[in-house]
Each structure stands twice: as structure tokens, then as C-alpha cells.
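According to my numbering, the sequence shown holds residues 92 to 185 in order. Contents: one structure, followed by commentary.
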Amino acid sequence: MSNIEPTPFGDKYLLVEHIATGGMAEVYRAQYTGIEGFAKELVVKRLREEFVERPEIIQMFLDEARVAATLTHNNVVHTYDLGEIDGEYFIAME
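Structure follows, in C-alpha cells:
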């Protein structure tokens, strides 16, 4: 893990700590912020920059999120959001 300067990611997320870099994505501890001071700590998995122009990799990433969102088990993290911000695909999860 490495400390980073808290970085806004879109309108809802604040990336607060880099956790890991994997084969196709980077993982950050993040904070989701909503209306009236609502906040929730979660993880944002963001597709690495070198893959944003590769449709087959993007499709794999989207499929991963769709499958993960169907799973409900105590040992599997919950998937909260799948999106794209300024060309960067991400999954927000527990």
C-alpha cells in the first residue's frame, strides 16, 4: 500500500490510498460521498491506463463487474457500482 494525496475521482469518489496494482487494474481505498454528508468507505478498482483503448480488455473488465454483482456470499465482496469517468472504467466494491 502506498499513501497518495487524496484525489477526487468523478463527482462521487475520493481516492485516498493506493492498495495494489494488478495485471489489468489498480485498486484504491476510496470514499463515496453523497448528499447531506453521506459517506461510505469502499474500494475502487480502476482499469489501468494502457488498456483503455483495448475493447477486448474493457469487455473483460465489464464482464467481471457484471458477474461479481450477481454474487451474494459472506466471503465475496459486494459490487456497488460500475462506471466510466473521463474514459476510465471502474468498479466500486466493498
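We treat Cβ as the ideally placed atom computed from N, Cα and C, and that holds for glycine.
Quiz item: Helix, strand or coil: which one does DSSP assign to L105?
Solution: Three-state result, L105: strand.
Practice problem: Buried or exposed for K136, please, with buried defined as at least 16 other CB atoms from any protein chain shown within 10 angstroms of its CB. | Solution: Under this definition K136 is a buried residue.
Quiz prompt | Buried versus exposed call for I182 [16 or more other C-beta atoms within 10 Å across all chains shown] | solution = Buried, because 16 or more other Cβ atoms sit within 10 Å of the Cβ of I182.
Quiz item: For R137, which three-state DSSP category applies?
Solution: Here R137 sits in strand by DSSP.
Exercise. Taking A116 and L138 to be in contact with their CB atoms under 8 angstroms, please state how far apart those CB atoms are, rounded to whole angstroms.
Key: The pair is a contact, with the Cβ atoms about 5 angstroms apart (cut-off 8 angstroms).
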